[in-house]
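To start, the structure itself, in structure tokens.
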Amino acid sequence: MRASHPFLVSLLLCSVDALSLPKRRDFLATSASSAAALATDVLASPIPSASASDGDTLQPLTTTSKLQLPPIGLGAWAWGDAIFWKYDPRNDEDLKKVFEYALSQNLAFFDTAELYGLGRSEDLIGRFRKELCKTEEEYNKVTVASKFAALPWRSKREDVVNACKKSVQRLGSPIDLYQIHFPNSWSNEEYWDGIADCYDRGLVKAVGVSNYGVEAVRACHAKLAQRGIRLASNQIQLSLLYRWPIDNGLLDTCAELELDVLSYSPLALGFLTGKYSKDNLPSGPRANLGKDLFAAEDGSYEKLLATMNEISSKHDAVPSQVALNWARAKGTIPIPGARTVNQAKQNLASLDWNLSKDEERQLDEASAKVTGFITPDKNPFPREDINTKLKMYDS
1 MRASHPFLVS LLLCSVDALS LPKRRDFLAT SASSAAALAT DVLASPIPSA SASDGDTLQP
61 LTTTSKLQLP PIGLGAWAWG DAIFWKYDPR NDEDLKKVFE YALSQNLAFF DTAELYGLGR
121 SEDLIGRFRK ELCKTEEEYN KVTVASKFAA LPWRSKREDV VNACKKSVQR LGSPIDLYQI
181 HFPNSWSNEE YWDGIADCYD RGLVKAVGVS NYGVEAVRAC HAKLAQRGIR LASNQIQLSL
241 LYRWPIDNGL LDTCAELELD VLSYSPLALG FLTGKYSKDN LPSGPRANLG KDLFAAEDGS
301 YEKLLATMNE ISSKHDAVPS QVALNWARAK GTIPIPGART VNQAKQNLAS LDWNLSKDEE
361 RQLDEASAKV TGFITPDKNP FPREDINTKL KMYDS
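Numbering (the UniProt record's numbering), first residue to last: 1 to 395.
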């Protein structure tokens, strides 16, 4: 089975997590070889020439200072994902134009992952960078964040390093920010040592995590500090339709630890763009989400959209820009996706204006009433490390 949707892979994590401890051990013992073969198959992808071979050690890069990131990024999940986003390689030239536009605006910050299109997303970013950046100055204008997939059969720190090397090869250069994509049920401390090893070998310039809760991010921060490495970031789901990190204190914790917070799905899978209605829902897995939102008897979702439309009209803007500026107002770096230059232009144009405190308050009040969207219990990330009992995910 080949799967490119990261949450589908995460579901496998949770299915194992639901087993009793003896059965988990049986699962790992009996399926290790087939799982390893599957991992090789799923994550295999064409590898372009890179600046260092698989066995090379690059010059270590300091991460003691705070990572400097642009105020907005571009999420590249759709760049290669055929299941959820219907990726078609015939549209690669459109994606290349998006890359070129972001570069021209000095806002070329791309967030990708080895799971996105099974390496295809990383491959495209590496190729576009090589083709479009004609000078060292242009090349250095590009910032790339990628992610390690904490799959069940990856249990050692060496697994992180080996995966990172392959990502570096696909991208063609050391990674600016390397993140653990989601928690695992039993190998998290190994992963923390793994990303630290990636830093020590010069494969990455900074390290971060993704989908980590309050306790997990504190523990990882402390572990890395013991090795003299700064945890740079936590990438989390945050939008007007998904406010849990605000309500449970995760954002406050990240601020206390001086972490950059990257907010993924800031447009809530397109449901904050204003282009959908009861009679015009997206196709595929997103359709049911749309039905649930519009089914709310109190009309809370539509009231939120009305508030967004009112605010956007005052700024000669569009609703998606309101959503992005709300995420920025919360102190995060939104990373919306873009598959066309027009989408990229709209996203980056959100930086031309900011929400007033009153507008932010209106959005807070309207969004707090919305029901029918994803809740943390529906996200398939392990809640606890079964070995350390550390709470890993809470929003």
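For every residue, glycine included, the Cβ atom is placed at its ideal position computed from N, Cα and C.
From the options, pick the residue whose C-alpha is nearest to that of residue i; which is it?
i	options	result
S233	R157, I311, A216 and N347	A216
L262	R227, R328, G126 and E310	R328
L269	F373, K130 and P380	F373
D358	A344, T332, E310 and R90	E310
Q235	L224, L251 and I229	L251
residue 396	I83, A78 and L103	The first residue shown for the chain is 1 and the last is 395, placing residue 396 beyond what the model contains.
N379	Y242, Q362 and G290	Y242
Y301	E136, K369 and G284	K369
A255	C164, I72, I333 and A338	I333
residue 472	P71, W85, G80 and L259	Here the chain comprises residues numbered 1 to 395, so residue 472 is not present and cannot be evaluated.
M308	D298, G299 and P319	P319
L103	G117, N140 and A366	N140
If you follow the alpha helix (DSSP H) that residue i is part of, which residue opens it and which one closes it?
i	result
L95	D92 to S104
V318	Segment: none, V318 is in no alpha helix (DSSP H) and carries neither H nor E.
L171	R157 to L171
I180	Premise fails: I180 lies in the beta strand (DSSP E), L177 to I180, not in any alpha helix (DSSP H).
K130	R120 to L132
I195	N188 to D200
F294	R286 to A295
G361	Per the sequence presented here, residue 361 reads as Arg, with Gly not at that position. Start and end: K357 to A368.
D247	W244 to D247
R218	V214 to Q226
V204	Segment: none, V204 is in no alpha helix (DSSP H) and carries neither H nor E.
K345	V341 to A349
E138	E136 to N140
Determine the direct distance from the alpha carbon of residue j to that of residue i, and round the result to whole angstroms.
i	j	result
K389	V160	22 Å
D364	E100	35 Å
L351	D279	32 Å
D385	Y393	10 Å
R383	C220	15 Å
Q343	N387	44 Å
V322	H315	9 Å
Q346	L272	13 Å
D123	N162	17 Å
A29	A225	With a pLDDT of 38 at A29, under the threshold of 50, the predicted position of this residue should be treated as unreliable, though the coordinate-derived value follows. When rounded, the distance between both Cα atoms is 34 Å.
I195	R201	10 Å
Q68	L171	20 Å
L305	S239	13 Å
I83	R339	15 Å
D111	P285	22 Å
L348	Y199	31 Å
E297	S312	25 Å
G228	S187	21 Å
V341	A108	13 Å
L132	T143	14 Å
Q237	T135	35 Å
T371	E138	45 Å
Counting along the chain, where does the beta strand (DSSP E) carrying residue i start and finish?
i	result
D260	D260 to Y264
I236	L231 to Q237
S210	V207 to S210
L251	Note, L251: premise wrong, no beta strand (DSSP E); alpha helix (DSSP H) at L250 to E256.
F109	F109 to D111
K278	First-last for K278: undefined, no H or E at that position.
V144	T143 to F148
If you drop the 5 nearest sequence neighbours on each side, which residues of the same chain put their C-beta closer than 8 Å to that of residue i?
i	result
F128	L95, K96, F99 and E100
A32	At A32 the pLDDT is 39, less than 50, meaning the model places this residue with poor confidence; the figure from the coordinates comes in the next sentence. Closer than 8 Å at Cβ, skipping near neighbours: W153.
N354	N325, R328 and A329
L259	G208, V217, H221, L231, A232, S233 and N234
A287	L281
Taking 7 Å as the limit between beta carbons, can you name the residues of its chain near residue i, skipping five residues before and five after?
i	result
G249	V214
P376	W244, D394 and S395
E190	S155, K156 and R157
K86	none
G75	D111, Y264, I335, P336 and G337
F294	K278 and Y301
I246	K330
I'd like the list of long-range same chain contacts for residue i, defined as Cβ closer than 6 Å, with 5 residues on each side in sequence excluded.
i	result
D193	R157
S167	E114, E122 and S146
A206	T63, L67, L177 and A232
Y276	G290
A149	E114, L115 and H181
L257	H221
D292	G372
A317	none
Does residue i have its Cβ less than 7 Å from a Cβ in chain B?
i	result
K141	Of the protein chains in this structure there is only one, and it is not chain B.
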